[in-house]
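Chains as they are written, first to last, in the UniProt record's numbering: chain A, 1 to 143; chain B, 1 to 171.
All residues carry an ideal CB built from backbone N, CA and C; glycine is no exception.
These numbers come from a predicted model, not from an experiment.
Below is one structure; the comments refer to it alone.
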Amino acid sequence: MTAQPETPQPVVTVPRPVLPDTTGKSGPGTVSPGRGTPMISESVPDDVEAEAAHRYGLALPDLAEVRAALSNVYGDKADDLWADLLRRCGLRGHETSRDALQKLLQTMKSQDPVMALCARALSIRLDTYDHLTAAYHIVRSAS
Amino acid sequence: MSTVKERLGRLDRMQELTHYDFDAPGLKPALDALSCEATEYFSMPASLTSVVLDSAQIIAGCHGLRNWMQSVAGMPVEWSFCADVVLAAEPFVVTDTSADPIRREHPAVTFEGVGAYAGVPLLTPSGHVLGAFCVMGGEARTFTDTELTHLRELGDEAARLMLAERRLYLD
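See the structure below:
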């Protein structure tokens with residue numbers, strides 16, 4: 001390979017979908033639903049949601065993930081903060097519903113700014129999960 | 001040994017992040033414009049400014065991103081190359097993800113087709129790394145020294161734009 005320092009040269013041309021859909025058409029392997037896709041995880045059948053989660057290596061955030069996030073950031077103080085959060089939300093920490101998760105995240109966003117950032121990160125993870133599982137459902141239904 | 005999330009979630013770094021208003025009016029359009037300039041300069045399809053939190057990154061500005069990444073305005077750190085920039089606190093380049101034994105299984109590669117990536121850190125005056133300014137595309141490519149210098153200049157400008165939104169009242 002001849003080096004041409006000032007002219008960017010592809011090392012290898014790999015046939016794969018380009019990141020943005022610049023043509024307005026979906027490329028091979030494209031599964032993204034596009035802006036405005038409703039976050040309707042509830043409408044995705046459980047088995048399809050599980051398939052999608054496995055495919056993308058994602059898990060629906062739960063209270064345990066929130067607890068782990070607090071531990072990562074706050075270390076030894078996380079236990080007390082977690083107990084206080086649960087008390088404020090009226091939760092016991094074993095709940096599995098999406099409502100419980102949303103309540104917890106909403107409460108975190110009203111706490112100290114660092115905790116609010118943790119909640120924002122977890123919300124992004126939840127939104128990603130919803131978008132990708134919904135997209136997978138659409139693609140699977142169409143195939 | 002600390003996990004990625006523990007390293008990204010260090011309390012002093014998270015506290016530094018709270019000093020910035022990433023949702024300030026006018027910030028996103030300015031960062032979008034920088035990304036637009038980057039995609040034209042590099043002839044690459046996508047560019048973004050990220051703020052890397054403990055378990056996900058915020059996309060504070062972008063050009064060329066599609067669909068869910070744009071809708072969510074972020075992504076989990078497992079999908080983020082910018083997290084590597086933050087952890088290294090220095091420019092991070094992958095010229096060919098398919099030839100990189102670690103990166104080729106990265107979800108941004110396998111599902112979104114990222115073939116090449118170059119990112120530079122967004123440094124605060126106190127030395128923390130907020131996130132990264134980056135370009136990416138679907139095909140492998142190399143980056144010249146001149147290009148990486150320009151990427152650093154664009155990253156510095158992105159950091160300056162963010163610094164202008166520092167919340168002084170918290171100091």
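DSSP three-state label for residue i, please.
i: B/P25; result: coil
i: B/A159; result: helix
i: B/F81; result: coil
i: B/Q57; result: strand
i: A/G75; result: helix
i: A/H137; result: helix
i: A/P61; result: coil
i: B/P101; result: coil
i: A/P38; result: Legend: pLDDT at A/P38 = 36, less than 50; position of this residue unreliable, value from coordinates given subsequently. Reduced to three states, the DSSP call for A/P38 is coil.
i: A/T96; result: coil
i: B/T49; result: strand
i: B/V120; result: strand
i: B/M14; result: helix
i: B/V114; result: coil
i: A/Q44; result: At residue 44 of chain A the sequence reads Val, which differs from the Gln that was named. DSSP places A/V44 in coil when its eight states are reduced to three.
i: B/P91; result: coil
i: B/F133; result: strand
i: B/P107; result: helix
i: B/H150; result: helix
i: A/P113; result: helix
i: B/H63; result: strand
i: B/R75; result: The question names Arg, but residue 75 of chain B in the sequence shown is Met. Of the three classes helix, strand and coil, the one that applies to B/M75 here is strand, per DSSP.
i: B/R141; result: coil
Please look up how many angstroms separate the CB atoms of residue i and residue j, rounded, as I've assumed it's under 8 Å.
i: A/T118; j: A/A69; result: According to the sequence as given, residue 118 of chain A is Cys; it is not Thr. Contact holds; Cβ gap of about 5 Å.
i: B/V120; j: B/S80; result: So it is not a contact: roughly 15 Å between Cβ atoms.
i: B/L130; j: B/Y20; result: 7 Å
i: A/V44; j: A/T128; result: That pair is no contact at about 14 Å.
i: B/L148; j: B/A116; result: About 13 Å separates the two Cβ atoms, so there is no contact after all.
i: B/F111; j: A/Y56; result: 7 Å
i: B/S35; j: B/H63; result: 4 Å
i: B/I59; j: B/M69; result: 7 Å
Could you tell me whether the Cβ atoms of residue i and residue j are closer together than 7 Å?
i: B/V72; j: A/H131; result: yes
i: B/F143; j: B/T49; result: no
i: B/A108; j: B/V77; result: no
i: B/T97; j: B/V114; result: yes
i: B/A99; j: B/L122; result: no
i: B/G61; j: B/D32; result: yes
i: B/G9; j: A/V48; result: no
i: B/H128; j: B/E16; result: yes
i: A/K103; j: A/C89; result: yes
i: B/D54; j: A/A121; result: yes
i: B/A30; j: B/L161; result: yes
i: A/Y136; j: A/A50; result: no
Out of the options, point me to the one whose CA is closest to residue i's CA.
i: A/D62; options: A/L126, A/I138, A/A135, A/R140; result: A/L126
i: B/S167; options: A/P113, A/V139, A/S123; result: Here residue 167 of chain B is Arg; the residue named in the question, Ser, does not match the sequence. Checking every option, the nearest Cα to that of B/R167 belongs to A/P113.
i: B/E6; options: A/A59, A/A78, A/L60, A/Y129; result: A/A78
i: A/L60; options: A/A116, A/S123, A/T107; result: A/S123
i: B/D12; options: A/S143, A/M115, A/H137; result: A/M115
i: B/M136; options: B/L65, B/D84, B/M14, B/P101; result: B/L65
i: B/A140; options: B/P29, B/E90, B/A89, B/R104; result: B/R104
i: B/V86; options: B/D145, B/T124, B/Q70; result: B/T124
i: B/H106; options: B/E90, B/A88, B/C82, B/A89; result: B/C82
i: B/T3; options: A/G75, A/R92, A/I138; result: A/G75
i: B/M14; options: B/S126, B/E90, B/G138; result: B/S126
i: B/G138; options: B/T18, B/E90, B/T39; result: B/T39
i: B/A89; options: B/T18, B/E165, B/M1, B/R152; result: B/R152
For a test of your reading of the model: does the CB of residue i fall under 6 Å from any non-hydrogen atom of the ligand FMN? Yes or no.
i: B/A118; result: The model depicted lacks the ligand FMN and carries no ligand whatsoever.
Query - Stretch pair the segment 20-29 of chain B + the segment 78-91 of chain A: three plus CB contacts closer than 8 Å - result: no
Query raised in the report: If contact means a Cβ-Cβ distance below 7 Å, which residues of the segment 17-51 of chain B contact chain C?
Result: No chain C appears in this structure, whose protein chains are A and B.
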